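Its first residue numbered 1, the sequence shown is counted upward by one per residue in UniProt numbering.
Every residue gets a Cβ at the ideal spot worked out from N, C-alpha and C, and that includes glycine.
All figures in this text were calculated on a predicted structure; none of them were measured in a lab.
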Amino acid sequence: MIDPILEVRGLRVAFGDAEPVVRDVSFDLTPGRVLALVGESGSGKSVSAMSVLGLLPPQARVTGSARFRGAELVGAPVEDLRQVRGAGIGVVFQEPMNSFTPVLSIGTQVAEAVRAHPTSLDRAGVSARVDELLRSAGIADPARIRKAFPHELSGGQLQRAMIAMALAGDPVALIADEPTTALDVTVQAGILDLLRTLCRERGLAVLLITHDMGVVADVADEVLVMRRGDPVEHGQVVDLFAHPQAEYTRALLAAVPALGPLVPVPPRRGACGAAGRPSSRGEARPASAPDGASAETRPGGHDAAPGSRDLSAEARLGAAPLADDAGRASRPVVARMRDVGVRYSRRGEPTVSGIDLELHAGETLGLVGESGSGKTTIGRALAGLVPVAEGTVDVDGQDLRTARGRRLREIRKRVGIVFQDPASSLNPRQSIGWSIAEPLLVHEPSADRPARVRELLEAVQLDPSWAERFPHQLSGGQRQRVAVARALALRPALLIADEPTSALDVTVQAAVLDLLRDLQDEFGFGCLLVSHDLAVVRQLADHVAVLHHGRIVEHGMAQAVLDDPQEDYTRMLLAAAPVADPARQAERRRAWREWEGVVA
Numbered sequence: 001m002i003d004p005i006l007e008v009r010g011l012r013v014a015f016g017d018a019e020p021v022v023r024d025v026s027f028d029l030t031p032g033r034v035l036a037l038v039g040e041s042g043s044g045k046s047v048s049a050m051s052v053l054g055l056l057p058p059q060a061r062v063t064g065s066a067r068f069r070g071a072e073l074v075g076a077p078v079e080d081l082r083q084v085r086g087a088g089i090g091v092v093f094q095e096p097m098n099s100f101t102p103v104l105s106i107g108t109q110v111a112e113a114v115r116a117h118p119t120s121l122d123r124a125g126v127s128a129r130v131d132e133l134l135r136s137a138g139i140a141d142p143a144r145i146r147k148a149f150p151h152e153l154s155g156g157q158l159q160r161a162m163i164a165m166a167l168a169g170d171p172v173a174l175i176a177d178e179p180t181t182a183l184d185v186t187v188q189a190g191i192l193d194l195l196r197t198l199c200r201e202r203g204l205a206v207l208l209i210t211h212d213m214g215v216v217a218d219v220a221d222e223v224l225v226m227r228r229g230d231p232v233e234h235g236q237v238v239d240l241f242a243h244p245q246a247e248y249t250r251a252l253l254a255a256v257p258a259l260g261p262l263v264p265v266p267p268r269r270g271a272c273g274a275a276g277r278p279s280s281r282g283e284a285r286p287a288s289a290p291d292g293a294s295a296e297t298r299p300g301g302h303d304a305a306p307g308s309r310d311l312s313a314e315a316r317l318g319a320a321p322l323a324d325d326a327g328r329a330s331r332p333v334v335a336r337m338r339d340v341g342v343r344y345s346r347r348g349e350p351t352v353s354g355i356d357l358e359l360h361a362g363e364t365l366g367l368v369g370e371s372g373s374g375k376t377t378i379g380r381a382l383a384g385l386v387p388v389a390e391g392t393v394d395v396d397g398q399d400l401r402t403a404r405g406r407r408l409r410e411i412r413k414r415v416g417i418v419f420q421d422p423a424s425s426l427n428p429r430q431s432i433g434w435s436i437a438e439p440l441l442v443h444e445p446s447a448d449r450p451a452r453v454r455e456l457l458e459a460v461q462l463d464p465s466w467a468e469r470f471p472h473q474l475s476g477g478q479r480q481r482v483a484v485a486r487a488l489a490l491r492p493a494l495l496i497a498d499e500p501t502s503a504l505d506v507t508v509q510a511a512v513l514d515l516l517r518d519l520q521d522e523f524g525f526g527c528l529l530v531s532h533d534l535a536v537v538r539q540l541a542d543h544v545a546v547l548h549h550g551r552i553v554e555h556g557m558a559q560a561v562l563d564d565p566q567e568d569y570t571r572m573l574l575a576a577a578p579v580a581d582p583a584r585q586a587e588r589r590r591a592w593r594e595w596e597g598v599v600a
């Protein structure tokens, strides 16, 4: 039995004279094991972890005990805590873009972490140490990343650089605070694989803070569930998922969107097979079945389900209405793209090309793919926010490419956008009522704005009296509801939802998804759902388009694409998505590694 290196007993945290926000939390961190701290936003997860290292504001009052290698941390002098921070316990923060200094290179900042602790390394030695740390964090090109600035890296690269910085002092424990939030499924799988490897090979004790039960099932050995500052359940991950005792734990698990079973990995190997290489016009070929093959002969041994899609390229790429989508052709088309290409520079390669999509009123089209695949670019093209280099884009029957001036403003009026981060998209200096009414002020200045704001707040299930509140006074889920209300202010024909739930915990996410579905039933808009969360797409979307390197490689009915994918790339994405079941997740983890080799 390995002794724990961090023992927390009866931890309580309060701010000022207010009631404690964390009450009687106890846990151990053991080398080579991962303890997951889970719960909704505001449950006290991050406060509990940061209090151990004395990283809370001065007004925080921390009581209880936190003993690291026998030394008490609660109430310890600042100098003693500095020796533990980084060298004893490293921290991976949730938002790496906010944690790095934007005006310094990544190498400079990792080197600063190396020099923060006693070292005999000279300048060249520190540089070599930075490269070593970046490599250990899974970065294949440390020389380039070392010279780069934070804005020049992707989200996954930034998170790996943050992990490298956390390892600079050779800690024996690691606190990872929401390390995969807002990352796409393949990058998330890589980060989780890295954490698992560090834990096993280095013997790190890891405290993982997350709201994603799929992530818990993937990497955790133990789970501590918190609610409103109180611990409600603590146990081994397999036991807790199989037999949750607390009603709150059962509610958390029930709120997680589900994914279907995986398609077996074929024995062949190839660069994305024939499937993942679109032709010059973006047409994806069937993955494993010859032309004309029936659904019963597809790989994986799945029988054709009612509603299976036509495997021809034309049907899967949206060139014609799907035969099994009864009544779709009778509904008006709110968005149509034909052979669309977008370039951000005149001489560069197109960001997206050969895009053919069609979206009808009252339906949801999910766009999925890794970061950089072109999902957001397609949404911006439909909103008229980026120039279209080739093809045609129609919104509510109007051609965006030829529209100018007043006509372009009229088209944009028919499009609403829900951005990924409402905290950034809402003006912090204005009330939420003002933010909701702003589109009316621009496009319909004669409208009764107060009445419309009240109507919209009621539609998104918020108290109309909250119109005078400011964004910082609302929770993340409430801010996202405000963002939805603002997007619907002009009664748009098309709603573009760009990662609307990526930063929300599971119960709030479920409520926002239910809200979007109910509002679509009420207002009848077509919805373009941009998301890296395949379970969310499966729950909300009627159709799915899978993007890879700016081209559509698979397109069809959501259930058919996500339950019986025909493209190797789609199968790899599905295998990378974690599910809230440790046994199934272990199987998916193995499948992801195999599919990654197929698609590489």
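Bounds of the alpha helix (DSSP H) holding Pro422 are 422 to 425.
Taken atom to atom, the span from the alpha-carbon of Lys413 to that of Ala143 is near 47 Å.
Spatial neighbours of Asp581 in its own chain (CB-CB distance under 8 Å, excluding positions within 5 residues in sequence) are listed in chain order as Ala217, Phe241.
Distance from the Cα of Gln480 is smallest, within the candidate group Phe419, Asp356, Leu573, Gly229, for Phe419. Closest in C-alpha terms to Val103, from the list Pro150, Arg69, Ala389, comes Pro150.
Judged by DSSP secondary structure, Ile209 falls within the beta strand (DSSP E) whose first and last residues are 205 to 210.
Annotated as distal: Ala176 and Thr30, with beta-carbon spacing of 8 Å or more. Here DSSP, grouped into helix, strand and coil, assigns Phe525 to coil. Only residues of its own chain outside the window of five on either side were considered, and among them Ala361 have a CB closer than 6 Å to the CB of Pro332, listed in chain order.
Around Gln59, the same chain offers Phe15, Gly16 as residues with beta carbons nearer than 7 Å, after the five sequence neighbours per side are excluded.
Cβ-Cβ distances below 8 Å link Ser371 to Ser154, Gly155, Gly156, Leu183, Asp184, Val187, His532 in the same chain, with the five nearest sequence neighbours on each side left out; the list follows chain order.
Using a Cβ distance threshold of 8 Å, Val386 and Arg380 count as a contacting pair. Following the DSSP letters along the chain, one finds Phe27 inside the beta strand (DSSP E) bounded by residues 22 to 29.
In the DSSP assignment, Met50 falls outside any beta strand (DSSP E) and lies within the alpha helix (DSSP H) extending over 45 to 52. Listed as beta-bridge partners of Phe68 by DSSP are Leu6, Ala71. Excluding five sequence positions before and after Ser435, the CB atoms of its chain that fall closer than 7 Å to its own CB belong to Leu426, Asn427, Val482, Arg486, given in chain order. Of all C-beta pairs linking the segment 237 to 253 to the segment 586 to 594, fewer than three are shorter than 8 Å, placing the two stretches out of contact. The DSSP-derived three-state label of Met213 is helix.
In the DSSP assignment, Leu81 falls outside any beta strand (DSSP E) and within the unbroken alpha helix (DSSP H) covering 78 to 84.
In this structure, Val334 sits away from Leu574, with a CB-CB distance that is not shorter than 8 Å.
Contact between Leu73 and Ala66 holds, with the beta-carbon distance rounding to 4 Å and staying under 8 Å. A residue is called buried once 16 or more other Cβ atoms fall within 10 Å of its Cβ, and Met1, having fewer, is exposed. Taken through DSSP and simplified to helix, strand or coil, Ser136 comes out as helix.
Distances from the alpha-carbon of Ala161 to those of Pro96, Glu112, Ala220 put Pro96 closest.
In the DSSP assignment, no residue is bridged to Gly125. Within the same chain, and ignoring the five residues on either side of Gly433 in sequence, the residues whose Cβ sits closer than 7 Å to its Cβ are Val453, Ala467, Glu468. For His443, the uninterrupted alpha helix (DSSP H) run begins and ends at 432 to 443, by DSSP. With fewer than 16 other Cβ atoms from the protein chains shown falling within 10 Å of its own Cβ, Thr101 counts as exposed. Here the segment 102 to 121 does not lie against the segment 188 to 204, with fewer than 3 beta-carbon pairs under 8 Å apart. Boundaries of the beta strand (DSSP E) harbouring Pro231: 230 to 236, taken from the DSSP string. Around the beta carbon of Glu363, a 10 Å sphere encloses 16 or more other beta carbons of the protein chains shown; the residue is thus reported as buried. Ser99: member of the alpha helix (DSSP H) spanning 96 to 99, first to last residue.
Rounded to the nearest angstrom, the gap between the Cα atoms of Val130 and Leu167 is 10 Å. Sequence-distant Cβ neighbours of Gly374 in its own chain, meaning closer than 6 Å and more than five residues away, are Thr351, Val352, Leu547, Gly550. In the structure shown, the three-state DSSP call for Arg346 is coil. Judged by DSSP in its simplified three-state form, His360 adopts strand.
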